[in-house]
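Everything on this sheet refers to the single structure shown next.
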Amino acid sequence: MVSPWKTASVPGLQLGLGCGFWICRSYRFLFRAGAMGPQVVTRQLLWLSRWQVVCAWGASVQHRTWAGVSRIPSLLSSGGALGASPLVRRSSSSTPPGAPEVVLTQQRYPVTRLPFSVVSAEDLAVFERILPGGVVTDPEVLEASNVDWLRTVRGCSKVLLRPRTSQEVAGILRYCHERNLAVNPQGGNTGMVGGSVPVFDEIILSTTLMNQVISFNSVSGTLVCQAGCVLEELSRYVEERGFVMPLDLGAKGSCHIGGNVATNAGGLRFLRYGSLHGTVLGLEVVLADGTVLDCLTSLRKDNTGYDLKQLFIGSEGTLGVITAVSIQCPPKPTAVNVAFLESPFYVLVETSGSRAGHDSEKLSDFLERALSSGLVTDGTVATDQTRLKALWALRERISEALSRDGYVYKYDLSLPTERLYDLVSDLRARLGSQAKHVVGYGHLGDGNLHLNVTSEAFSPSLLADLEPYVYEWTARQRGSVSAEHGLGFKKRGVLSYSKPPEALRLMQQLKALLDPKGILNPYKTLPAQA
C-alpha cells in the first residue's frame, strides 16, 4: 500500500534557499515527544507552529513554498541547502560578521571574584613541565575559549591547558590545589548556561586533545573512550560497527562526550534510551586535589557500595574533571521513519526498529487514523537518510538561528504536559514589544520546554521582567528550572525554585568534601554562599 503521507503537502512553510544559516520567524511551538499511538516505537516527536525561514545574512534569495519532501529534490538531495550540511556544529569561535564584543561576565552580572591566586610566570613554567607544548597563552586563541558559543558571557583567562592523559590532568590539579588556582574544565564549549567558560581569570583546562577511543566491545556494545571525543565522531565509530550512541543532539559536531556526561545532556534520543545516568557504566574522574578516581567499569551490573559515578554525571565540572567514559551503546536500528505533520503545530516524529515493513505499516495506520480524526491535518513521511537528515536539520538549527536574531534569553524547563505551552502565550502578553520574539519548542514526551526570548541587545529591564517571573511560574507548576541544560553560571541562583533547602545543603556539603578549596569551576551550579 502506498501511504498518502508520501506526497502530502505542508502549506505555509517557506524556505530561503542558498544560505547556510536559518532564522526562524513567527513560529510558536516545537516539541519532541515519545510514542504516539499503539505499538509505534518512536524516538522523538516535535511540534512546531507555522514558521518562516529566511537567510540569516539578509541575502536576496527566492522564497519557495515547501510542497512535500519528495517534491523538492534541490533541498533534500546531497547538493541541496540542507542536504549539503545537515549537522549543526556549534563553535565558540564562529562569530557572525560585525558582531559586537561580548561584555565581560563580571561587568554584566553581580559577581565577586573569590580569593584565588593569580597565575604567575613560575606557574606557567610548572605547567610547561607537566604539559610540554600544551600551555597556551596566545590571546587570540584564548579569546574563543573565554566566550560561550551563544556569545552572552565572557571570562578573561590568560592560560589554556591542553592535557592528553588523565595523569597530566592529575598533575595540573594537584599543583593548582596546592597553589589555590581556580580551574575551569572545558569540553566543546557548546553549553547554554555559561558553565563552560571562565567568569574571571580561571585557568581553562581543555579536553580537546583527550580524544582517543580506548576500547569497544562489538558483542556488548560497550564503548570506553577519553572525555574529549567529539560526539559525532563517536557516533560514526559505533555505527560502523552496528551500534548507535544513546545520545544525540544538535551540537554533536562540536560537543565532547565528557562535557555531555558532566552536564547530563538530554538530546534527541532521551525518550528512547533514557538519560546518561542509566547508559553510563563507569567513569574515570580526577578530583580537585589530583586524585585519580578509576571507576571505569564496563559491567552492566555492579551493586557494590555507593554508585560514585552518579555524583559526577550532571555535576558540571564542580566536583571533579571527567577524563574517560564507559558507555553502553544500543544496537543500530535497521528501519527508520520520520513523519513531519501539522496538528495544528508542526510535529516531527521518528520511529526506529528492526523491520521496515512492520514499522512502516504501524506508522501509516496510526497516521491515517490521526488524519481521519482531525488530530493531524497534513504531513509527509521520509525514510531515506538524506531526507531524514534534512527534516532533522530544520529542528537542529533552531538554536543557532535564534542566536542570530539578537541577544537570546534561554530557559530550559520541565513542566506538566498539559501546561507546556501556556508560559509562551503568557510571556508574549507580558512582554509585548520589549521582545523581538518569544519562542517555545522542545520535547513533548518528557515535558521539556525550551523557552527563548530574543531582543536586539541585552536589556536589564527585559531581564527583570523575565526573572524571577519565569522561575516562579515554573515552581507553581512543580516543574524544574533546568530540564537538560544544567545550571552553569546563569542559573545557579535559581536552584531553590526546584530543590528544597535540605537538598541544597547536602549539595554544598558534597562540594566542600570533594573540593574543599572550591577551585573546580567556581561560581557555577550552586548558589553563592555568604
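To convert a position in the sequence shown, counted from 1, into the working numbering, add 1189.
Positions of the beta carbon are idealized from the N, C-alpha and C atoms, including for glycine.
For the pair I1393 and C1365, the CB atoms are not nearer than the 9 Å cut-off. Counting every other CB atom within 10 Å of its CB across the protein chains shown gives L1488 a total below 16, marking it as exposed. At the C-beta level, F1501 and Y1712 stay beyond 9 Å of one another. Non-local beta-carbon contacts of S1669 in its own chain, meaning distances under 6 Å to residues more than five positions away in sequence, involve S1603, S1687 in chain order.
The beta carbon of T1326 is closer than 8 Å to those of L1313, K1347, V1348, L1349 in its chain, skipping five residues each way along the sequence. For V1481, the uninterrupted beta strand (DSSP E) run begins and ends at 1481-1484, by DSSP. Nearest to P1520 by C-alpha distance, out of G1634, A1701, Y1426, is Y1426. The three-state reading of DSSP puts T1507 in coil, since its state is none of H, G, I, E or B. Across the set T1575, I1516, L1436, Q1356, the C-alpha of Q1356 shows the shortest separation from the C-alpha of G1479. Annotation: the stretch 1591-1656 contains the following complete segments of the alpha helix (DSSP H) (minimum length 4 residues), in chain order: 1611-1620, 1649-1655. Looking from the CA of V1536, the closest CA among E1673, L1556, K1680 belongs to L1556.
Per the Cβ contact rule, the stretch 1634-1649 is in contact with the stretch 1580-1598 (3 or more Cβ pairs under 8 Å). Straight through space, the alpha carbons of A1454 and T1507 are spaced by roughly 16 Å.
Remark: fewer than three beta-carbon pairs, one from each stretch, lie closer than 8 Å, so the stretch 1435-1453 and the stretch 1616-1631 are not flagged as touching. Pairing V1565 with L1552 gives a Cβ-Cβ distance that is not under 9 Å. Using a 10 angstroms sphere on the CB of N1710, the tally of other CB atoms reaches 16 or more, which defines it as buried. Selection L1702, S1424, S1395 evaluated against C1518 yields S1424 as nearest (Cα-Cα). DSSP, read as helix, strand or coil, puts S1671 in strand.
In the DSSP annotation of this structure, P1304 is not part of any beta strand (DSSP E), being labelled neither H nor E. One thing to note: Y1600 has its Cβ no nearer than 9 Å to the Cβ of L1652.
The secondary-structure analysis by DSSP pairs I1393 across a beta bridge with L1349, N1373. A residue is called buried when at least 16 other Cβ atoms come within 10 angstroms of its Cβ; A1717 does not meet this threshold and is exposed. Only residues of its own chain outside the window of five on either side were considered, and among them V1258, V1527, F1529, L1537, A1571 have a CB closer than 8 Å to the CB of L1580, listed in chain order.
Beta-carbon to beta-carbon, D1437 and L1457 are separated by about 4 Å, close enough to satisfy the 8 Å threshold. Scanning the stretch 1530-1573 from its first residue to its last, the whole beta strand (DSSP E) runs of 3-plus residues come out as 1535-1542, 1567-1571. In the structure shown, L1293 adopts coil according to DSSP, grouped into three states. Sequence-distant partners of S1306 (beyond 5 residues in either direction) whose C-beta falls short of 7 Å from its own C-beta, in its chain, are R1368, N1369, L1370. If you look at V1475, you'll find it in the beta strand (DSSP E) that goes 1469-1475. In terms of Cβ geometry, A1559 and T1540 do not form a close pair [threshold 9 Å]. For V1628, the closest of D1635, G1634, V1613 by C-alpha to C-alpha distance is V1613.
With 16 or more neighbouring CB atoms inside 10 Å of its own CB, L1465 falls in the buried class. Per DSSP, the continuous alpha helix (DSSP H) segment holding F1459 begins and ends at 1459-1462. For I1516, the pairing in a beta bridge is given by DSSP as L1412, V1469.
With fewer than 16 other Cβ atoms inside 10 Å of its own Cβ, E1329 counts as exposed. Burial of P1435 is indicated by the presence of at least 16 other C-beta atoms within 10 angstroms of its C-beta. Contact check for G1384 against L1676 passes: the beta carbons are separated by less than 9 Å.
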